[in-house]
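Enquirer: Below you'll find the structure I mean.
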């Protein structure tokens with residue numbers, strides 16, 4: 001059985017300067033309750049690894065706007081203008097990673113692989129400083145594994161063994177992140193007993209999960225345009 | 001509809017005719033997204049949304065938005081019958097593995113070698129590449145949808161891109177408000193021109209050398 005904690009207890013071991021992965025895509029699938037707890041705790045100098053920086057007042061976007069992030073790994077920061085400002089001022093270092101490479105580097109870490117070979121980025125600035133290999137006459141970049149101390153994951157349902165169901169488009173990078181962090185905290189809308197979540201409907205196996213928190217903030221936080 | 005919008009509609013309608021029935025297509029944000037509204041009657045295509053599903057449908061009606069279902073721009077959308085959800089690793093395996101038939105993207109610059117620059121202007125605009133680099137490398141066919149010239153009237157189809165590249169030699173077709181251009185081994189071939197322009201005007205608005213097709217069409 002995995003411990004069911006309060007948001008404050010769950011983020012207690014995250015220190016200033018810790019590396020944190022956050023699932024979600026444009027805020028969809030961000031663990032709002034855990035991010036809120038991290039902000040309330042006053043965490044700073046974080047290394048944040050996340051698909052994008054959402055919008056200024058949404059999910060991980062708030063961590064950026066409140067100046068809690070020192071190093072950012074992301075694929076896209078264009079929807080949150082504060083990210084660009086902090087990058088240009090030097091307040092935050094930003095490493096932009098192609099999205100497919102982003103998920104495969106994280107998966108490589110979680111799957112015990114020494115890296116991945118991808119054609120993405122060949123002939124672009126992305127290849128700078130990276131090893132190139134030619135396989136079957138085609139050039140590939142060697143992209144190295146990417147892991148973190150913590151991952152913050154949002155699930156709709158989590159059973160007490162940690163098995164998670166992530167519905168619809170909330171799966172995004174959360175699935176690989178759960179594999180690649182030392183300590184994985186899942187925020188669930190609904191926490192059920194082991195056996196109550198159909199094993200066929202498990203998106204993330206419970207083996208990766210360290211702690212469970214009941215979601216306190218609604219998932220609805222869309223930018224309605 | 002204002003004249004500029006009408007030209008954009010003409011452009012996306014032309015692109016919509018390129019897809020065979022049943023094609024798996026990924027549309028970029030902005031003008032490329034409009035292509036979905038002009039698929040010819042009798043044809044169906046399956047849209048891929050790189051954040052994790054196929055069967056991307058129209059934007060969700062007001063009041064019926066589901067926070068768990070957004071498109072790659074973060075807007076609430078719908079999923080159509082036949083679609084399915086998956087995680088990011090699967091989504092980009094579909095893209096990089098060559099399973100997407102067509103991708104339609106905007107561009108800042110394209111050149112004679114089919115090189116594409118569409119993700120940053122150093123010092124000015126650095127939004128990040130998102131899924132664009134993987135899409136351009138992985139999709140079987142890369143179609144660029146863009147205005148023929150930039151806001152200052154300068155050509156965007158160049159001899160050689162000056163901005164940082166998104167990918168090398170991956171562009172197959174360029175469709176603009178003025179022209180339909182195919183990237184071939186011998187260079188750029190002007191295959192069609194818009195009905196309200198001339199070959200001379202297209203050449204004037206293009207820095208790259210254009211080979212004129214013997215069977216020049218209009219759209």
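Protein chains in written order, with the working numbering: chain A, 1 to 225; chain B, 1 to 219. Note that the Cβ used here is the ideal one computed from N, Cα and C, for glycine as well.
Spell out whether any CB of chain B is found under 8 Å from the CB atom of residue 107 of chain A.
Expert: Judged by the 8 Å Cβ criterion, residue 107 of chain A is in contact with chain B.
Enquirer: Do you know offhand how far residue 107 of chain B's Cα is from residue 117 of chain B's?
Expert: Looking at the two C-alpha atoms, the distance is approximately 6 Å.
Enquirer: In chain A, what lies closer than 8 Å to residue 53 of chain B by C-beta?
Expert: Near residue 53 of chain B (Cβ distances below 8 Å), the residues of chain A are 168 and 169.
Enquirer: Take residue 205 of chain A as the anchor and find which of A:160, A:7, A:80 and A:31 has the nearest alpha-carbon.
Expert: Measuring from the Cα of residue 205 of chain A, the nearest candidate turns out to be A:160.
Enquirer: For chain B, is any of its Cβ atoms less than 8 Å away from the one on residue 121 of chain A?
Expert: Output row for residue 121 of chain A: interface = yes.
Enquirer: Does the Cβ of residue 135 of chain A have 16 or more other Cβ atoms within 10 Å, making it buried, or fewer, making it exposed?
Expert: Under this definition residue 135 of chain A is an exposed residue.
Enquirer: What are the start and end residues of the beta strand (DSSP E) that includes residue 6 of chain A?
Expert: Counting along the chain, residue 6 of chain A falls outside any beta strand (DSSP E), and DSSP gives it neither H nor E.
Enquirer: Looking only at DSSP bridge pairs, what is residue 78 of chain B linked to?
Expert: DSSP lists no partner for residue 78 of chain B.
Enquirer: My output table needs one value for residue 103 of chain A: the three-state DSSP class, helix, strand or coil.
Expert: Reduced to three states, the DSSP call for residue 103 of chain A is helix.
Enquirer: Quick test of your reading: residue 37 of chain A and residue 11 of chain A, contact by CB under 8 Å. State the CB separation rounded to the nearest angstrom.
Expert: Indeed, because the Cβ distance is near 5 Å, the residues count as touching under 8 Å.
Enquirer: Pull out every residue of the stretch 19–36 of chain A whose Cβ sits closer than 8 Å to any Cβ of chain B, in chain order.
Expert: Going along the stretch 19–36 of chain A in chain order, one finds 25, 26, 27, 28 and 29 with a Cβ nearer than 8 Å to chain B.
Enquirer: Would you list the one or two residues that DSSP bridges to residue 204 of chain A?
Expert: Paired residues: A:164.
Enquirer: Cβ of residue 166 of chain B less than 8 Å from any chain A Cβ?
Expert: At least one chain A Cβ lies under 8 Å of residue 166 of chain B.
Enquirer: Give a yes or no on whether the C-beta atoms belonging to residue 20 of chain A and residue 166 of chain A are separated by under 8 Å.
Expert: No.
Enquirer: Between which two residues does the beta strand (DSSP E) holding residue 144 of chain B run?
Expert: From DSSP, the beta strand (DSSP E) with residue 144 of chain B extends over 141–145.
Enquirer: Identify the contact partners of residue 124 of chain A in chain B, using a Cβ-Cβ distance below 8 Å as the criterion.
Expert: Result: 133, 164, 165, 166, 167 and 168.
Enquirer: So is the beta-carbon of residue 137 of chain A under 7 Å away from any non-hydrogen atom of the ligand SAM?
Expert: Among the components of this structure there are no ligands whatsoever, and the ligand SAM is therefore not found.
Enquirer: Have a look at the DSSP bridge pairing and note the partners of residue 140 of chain A.
Expert: Looking at the DSSP assignment, residue 140 of chain A forms a beta bridge with A:133.
Enquirer: Excluding five sequence neighbours on each side, which residues of the same chain lie with their C-beta closer than 7 Å to the C-beta of residue 165 of chain B?
Expert: Within the same chain, residue 165 of chain B has close Cβ partners 115, 116 and 117.
Enquirer: Kindly indicate which residue of B:110, B:38, B:25 and B:123 has the alpha-carbon position closest to the one of residue 94 of chain B.
Expert: Of the listed residues, the one whose Cα sits closest to residue 94 of chain B is B:25.
Enquirer: Candidates A:139, A:192 and A:207: which alpha carbon is nearest residue 182 of chain A's?
Expert: The residue with the shortest Cα to Cα distance from residue 182 of chain A is A:207.
Enquirer: What in chain B is Cβ-close to residue 75 of chain A, meaning under 8 Å?
Expert: Per Cβ cutoff of 8 Å: 128, 129, 130 and 131.
Enquirer: Report the partner residues of residue 12 of chain B according to the DSSP bridge assignment.
Expert: Note: residue 12 of chain B sits in no beta bridge, so no partner.
Enquirer: Since residue 101 of chain A and residue 143 of chain A are thought to touch, with beta carbons under 8 Å apart, how far apart are those beta carbons, to the nearest angstrom?
Expert: About 5 Å; that satisfies the 8 Å criterion.
Enquirer: So which residues on chain B does residue 175 of chain A lean against when the C-beta distance must stay under 8 Å?
Expert: Result: 87, 88 and 89.
Enquirer: If you pair each beta-carbon of the stretch 10–20 of chain B with each one of the stretch 23–42 of chain A, do three or more pairs fall below 8 Å?
Expert: Cβ pair count under 8 Å is below three, so no.
Enquirer: Taking the alpha-carbon positions, what's the residue 199 of chain B to residue 137 of chain A distance?
Expert: C-alpha separation (whole angstroms): 40 Å.
Enquirer: With residue 213 of chain A and residue 190 of chain A assumed to form a contact (beta carbons below 8 Å), what rounded beta-carbon distance in angstroms separates them?
Expert: Not quite, the Cβ-Cβ distance comes to about 12 Å (not below 8 Å), so this is no contact.
Enquirer: Output yes if chain A places a C-beta closer than 8 Å to the C-beta of residue 216 of chain B; else output no.
Expert: Not closer than 8 Å to any Cβ of chain A, the Cβ of residue 216 of chain B fails to qualify, so no.
Enquirer: Can you round the beta-carbon distance between residue 187 of chain A and residue 154 of chain A to whole angstroms, since I take them to be within the 8 Å contact cut?
Expert: Sure, about 5 Å apart at Cβ, within 8 Å.
Enquirer: With 16 as the cutoff for other CB atoms within 10 Å, does residue 89 of chain A come out buried or exposed?
Expert: So residue 89 of chain A counts as exposed.
Enquirer: If we call anything under 8 Å between Cβ atoms a contact, is residue 3 of chain A one with residue 134 of chain B?
Expert: Not a contact, by the Cβ cut-off of 8 Å.
Enquirer: Grouping DSSP H, G and I as helix and E and B as strand, with all else coil, what is residue 198 of chain B?
Expert: Looking at residue 198 of chain B - three-state DSSP - the assignment turns out to be coil, as it is neither helix nor strand.
Enquirer: Distance cutoff 8 Å, beta carbons only. Does residue 67 of chain B sit that close to anything in chain A?
Expert: At least one chain A Cβ lies under 8 Å of residue 67 of chain B.
Enquirer: Given this structure, state the Cα-to-Cα distance separating residue 87 of chain B from residue 158 of chain B, to the nearest angstrom.
Expert: Whole-angstrom Cα-Cα distance: 37 Å.
Enquirer: Using a Cβ-Cβ distance under 8 Å, would residue 93 of chain A count as near chain B?
Expert: Not closer than 8 Å to any Cβ of chain B, the Cβ of residue 93 of chain A fails to qualify, so no.
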